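Just below is one structure, and these are the notes that go with it.
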Amino acid sequence: MTRQRNDSVGSIGTARPAPELEVWQALNIALDRAMERDSGVFILGEDVGLFGGSYRVTQGLYAKYGEWRVRDTPISENSFVGMGVGAALAGGRPLVEIMTVNFALLALDSIINIAAKLRYMSGGQLEVPLVVRMPGGVAKQLGAQHSQRLEHVLVNVPGLRVVVPGTPQDSFWQLSQAILADDPIIVLEHELLYFTKGPFDAEMPAPPMHSAAVRREGRDVTLMAWHRMVSVCLDAAGQLSARGIEAEVIDLRSLRPIDLPLLRASVQKTHRAIVIEEDCRFGGVGAEIAATLNEVAYADLKSPVRRVAASDVPTPYNVELERASIPRTQDILRAVEEVVGVSAG
Amino acid sequence: MQRKLARQFLYDMVLARQFEQAAAEQYTEGNIGGFLHLYPGEEAVAVGSLRAADPGDYVVSTYREHVHAMVWGVSPTAVMAELFGRATGCSGGYGGSMHLYDAGHRFLGGYAIVGETFAIAAGVAYWLRMTESAQIVLCYFGDGAANQGTFHETLNMAALWKLPVLFVCENNRYQIGTEIHRHSAVPDIYRHASAYGIDGRRVDGMDVVAVYEAARTALQHVRSGNGPYLIECETYRYRGHSMADPGAYRSVLELAELRARDPLETFRQRALAQGWLSEAECGDVDKAVEAVVTEAVRFAAASPQPTDLGRNVYSEPLDLYGGRP
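Going line by line, the protein sequences match chains D and A. As numbered in my numbering, the first sequence has no gaps in its residue numbers, which increase by one up to the final residue, 826. As numbered in my numbering, the second sequence has no gaps in its residue numbers, which increase by one up to the final residue, 465.
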């Protein structure tokens with residue numbers, strides 16, 4: 482188990498006007514606003530109440546909304562997610578927090594076999610407005626069982642939507658949008674991003690939930706990533722720029738659906754694309770994007786779409802091996818050199 | 141017993157028996173596909189418990205749920221049409237035998253993975269409790285489902301938060317072909333409830349009146365805010381687990397013994413002996429049901445096929461590649 486100590490029991494988020502917030506605070510504000518607006522919104526999860534959430538995301542909400550709307554559950558992932566589905570069927574707007582994606586493996590029946598299918602199986606009579614939040618990714622030496630990435634599992638399920646916010650602003654926007662939507666939506670968060678800072682403006686109008694965002698413009702190659710890999714790409718792009726190669730960095734923000742028009746427009750400009758993923762390579766999101774770009778943008782491509790992905794191993798505990806198991810800046814640099822070099826030759 | 145209720149019990153059980161017989165025939169003729177799990181022998185459980193409930197309550201059932209749906213108000217035509225996979229079916233032809241739904245009647249399925257009903261029912265109950273509703277939830281499950289983790293997880297949560305759920309175990313002794321003494325260390329399912337501080341009792345599931353009375357007492361308990369209750373109904377299915385199962389793992393003697401306690405025929409005899417119903421009234425019920433079932437099959441066979449493959453996956457059409465479809 483990994484836990485972030487929750488020393489303060491104070492107020493909800495820090496909604497005071499501030500130029501920057503951390504991701505957990507932005508999520509907290511999104512929850513608070515949704516719960517204030519709609520008395521049907523309630524939270525189920527382990528340690529979301531009195532404890533304030535393993536990553537502080539629900540801090541202060543228990544005190545403000547009470548135990549029925551911020552419910553500490555037993556360690557029964559499949560059943561408390563199933564309860565979320567049941568409550569959604571009856572008219573509620575449940576939001577379930579699974580402490581980490583690693584534990585979500587126990588709840589896949591409720592997510593995949595129930596939540597994702599009920600609208601369709603019932604001929605459209607039933608509606609499952611359910612949000613399931615869970616953090617994943619490789620954190621810091623948590624071992625193989627606490628370092629899963631489930632993107633490849635969840636993006637292949639008809640009936641689900643999967644968003645992957647990586648900044649405070651996107652976390653606020655996309656969680657708020659997910660709560661308002663009438664479908665089961667998975668909000669995948671990243672364990673190492675909760676305490677990273679970024680600009681935040683709650684009043685700024687949100688782009689569509691599935692839209693991707695250009696984080697850095699460039700003309701020579703497009704780097705596509707999500708979550709923490711975006712910052713690794715930006716680091717690589719900075720180094721490449723010093724060598725005269727301008728990389729465009731796109732934060733996918735959503736993995737189901739994906740914002741293909743934006744990816745395609747970028748490739749039309751750069752003619753080269755690399756997908757960088759913290760998830761394993763085989764059968765992953767990178768494979769889907771590469772195959773799709775080959776189908777729709779073949780004429781624009783000067784070289785095949787490449788993937789830089791995690792090694793095909795369970796995550797090791799040893800810190801150096803762990804670092805080597807997922808994409809690093811140097812891995813991206815090498816892939817860019819190959820792609821740019823191949824096409825230049 | 142009120143004559144009206146006696147007639148209702150008889151009607152429901154005759155409908156259950158005849159409908160399932162017709163479904164078996166239509167399956168054999170190739171008009172119904174997939175898995176088909178039939179209910180003969182178990183009629184008293186659904187009829188007795190559902191007739192004790194309030195029509196405003198919610199029902200969550202298993203994959204052997206044709207009878208629950210019909211007793212709860214879904215029309216036999218809509219159920220048969222669903223078995224035929226037609227657009228007029230209660231799930232529009234998208235669900236099938238194991239996935240019957242009727243939102244208007246608060247009939248929430250129809251779950252084909254053993255053990256799924258528990259958490260769904262508890263979630264509905266959580267919402268009802270949170271919103272201080274007077275409604276409650278009836279949750280059906282078989283003896284085999286009591287070995288799923290969700291049974292224990294949900295009983296714990298339902299007791300912890302005093303959720304308004306009546307858990308009804310249809311103990312037909314077999315999880316497909318494995319008899320209960322071979323699949324449960326403690327084969328008295330109702331005793332599992334006590335591990336979670338939930339009141340539970342066992343009732344003769346071949347006796348519709350006994351089930352009805354037990355359910356009434358249990359529902360009063362649940363509706364009064366005392367939390368969940370569990371009834372174990374000891375019953376039996378005459379057929380195999382599904383149409384694909386000849387049931388060869390059971391002895392002829394066992395089947396004969398249980399058939400001698402047939403819930404439908406014993407109730408008919410009792411109703412006649414007690415003067416609740418006359419021979420003529422029983423005959424009228426048989427005829428009325430026959431007409432209903434014949435019409436259900438005719439309606440299903442004449443109904444159009446659903447044609448839209450992609451609708452209702454999401455609340456609105458969704459292009460996975462980010463454009464408007």
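Even for Gly, the Cβ is constructed at its ideal location relative to N, Cα and C. Computed from a predicted model, the values in this text were never measured in an experiment.
> Closer than 8 Å, CB to CB, is E293 of chain A near chain D or not?
Replying inline: So, interface residue.
> Between which two residues does the beta strand (DSSP E) harbouring R614 of chain D extend?
Replying inline: Here the beta strand (DSSP E) through R614 of chain D covers 612 to 617.
> Who are the Cβ neighbours of V645 of chain D in its own chain at under 6 Å, not counting the five residues just before and after it?
Replying inline: Sequence-distant partners of V645 of chain D (beyond 5 residues in either direction) whose C-beta falls short of 6 Å from its own C-beta, in its chain, are L669, W707, H708, L736.
> Are the CB atoms of A588 of chain D and E558 of chain D nearer to each other than 8 Å?
Replying inline: Yes, the Cβ-Cβ distance between A588 of chain D and E558 of chain D is below 8 Å.
>> Counting only beta-carbon separations shorter than 8 Å, does E632 of chain D have a partner in chain A?
In response: No, no contact with chain A.
>> Using C-beta distances below 6 Å, list every residue in its chain close to G387 of chain A, excluding the 5 sequence neighbours before and after it, in chain order.
In response: For G387 of chain A, the CB contacts under 6 Å within the same chain, skipping 5 residues up- and downstream, are G380 in chain order.
> Bridge partners of P575 of chain D, per DSSP?
Replying inline: Per DSSP, D:F523.
> Residues bridged to E310 of chain A by DSSP?
Replying inline: For E310 of chain A, the beta-bridge partners assigned by DSSP are A:G282, A:C373.
> Looking at the unbroken beta strand (DSSP E) that takes in V343 of chain A, where does it start and where does it end?
Replying inline: Bounds of the beta strand (DSSP E) holding V343 of chain A are 339 to 344.
> Of the residues A:F307, A:V432, A:G213, A:R363, which one's Cα is nearest the Cα of Q275 of chain A?
Replying inline: With distances taken between Cα atoms, Q275 of chain A lies closest to A:R363.
>> I need the boundaries of the beta strand (DSSP E) containing P680 of chain D, first residue and last residue.
In response: Per DSSP, P680 of chain D belongs to the beta strand (DSSP E) from 678 to 680.
> Of all the options A:L303, A:V214, A:V348, which has the alpha carbon lying nearest to the alpha carbon of W267 of chain A?
Replying inline: Considering only alpha carbons, the answer is A:L303.
> So what does DSSP say about R410 of chain A, is it helix, strand or coil?
Replying inline: Correct three-state label for R410 of chain A: helix.
> Is the beta carbon of F653 of chain D sitting closer than 8 Å to the one on F676 of chain D?
Replying inline: Taking the C-beta atoms as reference points, F676 of chain D is found no nearer than 8 Å to F653 of chain D.
> Could you give the C-beta distance for V351 of chain A and G188 of chain A, rounded to a whole number, given that I count them as a contact under 8 Å?
Replying inline: With 8 Å as the limit, V351 of chain A and G188 of chain A qualify as a contact, their Cβ atoms being about 3 Å apart.
> beta strand (DSSP E) containing F247 of chain A: first to last residue?
Replying inline: First-last of the beta strand (DSSP E) with F247 of chain A: 247 to 250.
> Out of curiosity, what's the CA-to-CA distance linking R724 of chain D and H691 of chain D?
Replying inline: C-alpha separation (whole angstroms): 33 Å.
> Taking Cβ to Cβ, would you say Q622 of chain D is nearer than 8 Å to V794 of chain D?
Replying inline: In this structure, V794 of chain D does not lie closer than 8 Å to Q622 of chain D by Cβ.
>> DSSP has V702 of chain D in a bridge; who is on the other side?
In response: Paired residue(s): D:A728.
> Could you give the residue range of the alpha helix (DSSP H) that holds S747 of chain D?
Replying inline: First-last of the alpha helix (DSSP H) with S747 of chain D: 741 to 751.
>> Is it buried or exposed, H321 of chain A, if we count other Cβ atoms within 10 angstroms and call 16 or more buried?
In response: Taking a 10 Å sphere around the C-beta of H321 of chain A, we find fewer than 16 other C-beta atoms and assign the residue as exposed.
>> Let me see if you follow: with CB-CB separation under 8 Å, is L458 of chain A close to chain D or not?
In response: Closer than 8 Å: yes.
> So, do the region 499 to 506 of chain D and the region 546 to 555 of chain D have three or more beta carbon pairs nearer to each other than 8 Å?
Replying inline: No: fewer than three Cβ pairs fall under 8 Å.
>> For the structure I just gave you, are there three or more beta carbon pairs, one from the region 725 to 735 of chain D and one from the region 683 to 703 of chain D, closer than 8 Å?
In response: Output reads yes: the region 683 to 703 of chain D touches the region 725 to 735 of chain D.
> Is it true that the CB of C309 of chain A sits closer than 8 Å to the CB of E372 of chain A?
Replying inline: Taking 8 Å as the Cβ cut-off, E372 of chain A and C309 of chain A qualify as a contacting pair.
>> Considering just the uninterrupted stretch of the alpha helix (DSSP H) at A758 of chain D, what are its terminal residues?
In response: Reading off the sequence, residue 758 of chain D comes out as Glu, not Ala. Boundaries for E758 of chain D: no alpha helix (DSSP H) harbours it, while the beta strand (DSSP E) harbouring it runs 754 to 761, taken from the DSSP string.
>> I'd like to know if V453 of chain A contacts chain D, where contact means its C-beta is closer than 8 Å to some C-beta of that chain.
In response: Yes, its Cβ sits closer than 8 Å to a Cβ of chain D.
> chain D partners of N171 of chain A, CB-CB under 8 Å?
Replying inline: Residues of chain D passing the Cβ test: none, with the nearest at roughly 19 Å.
> Do T703 of chain D and T751 of chain D come within 8 Å of each other at the CB atom, strictly closer than that value?
Replying inline: Yes. Within cutoff.
>> Do L150 of chain A and L417 of chain A count as a contact pair if the criterion is CB distance below 8 Å?
In response: Taking 8 Å as the Cβ cut-off, L417 of chain A and L150 of chain A qualify as a contacting pair.
> Is the CB of F258 of chain A under 8 Å away from at least one CB in chain D?
Replying inline: Look at F258 of chain A: its C-beta is under 8 Å from a C-beta on chain D.
>> Pairs of beta-carbons, one from the region 562 to 574 of chain D and one from the region 605 to 620 of chain D, closer than 8 Å: are there three or more?
In response: Contact between the region 562 to 574 of chain D and the region 605 to 620 of chain D is present, because at least three Cβ pairs lie under 8 Å.
>> With a threshold of 8 Å between beta-carbons, can H245 of chain A be considered close to chain D, or not?
In response: H245 of chain A does not count as touching chain D.
> What do you reckon, are the CB atoms on A816 of chain D and V789 of chain D nearer than 8 Å?
Replying inline: Contact flag set, yes.
> In three-state DSSP terms, what is Q315 of chain A?
Replying inline: Here Q315 of chain A sits in strand by DSSP.
>> Using a Cβ-Cβ distance cut-off of 8 Å, determine whether M220 of chain A contacts chain D.
In response: So no, M220 of chain A is outside the interface.
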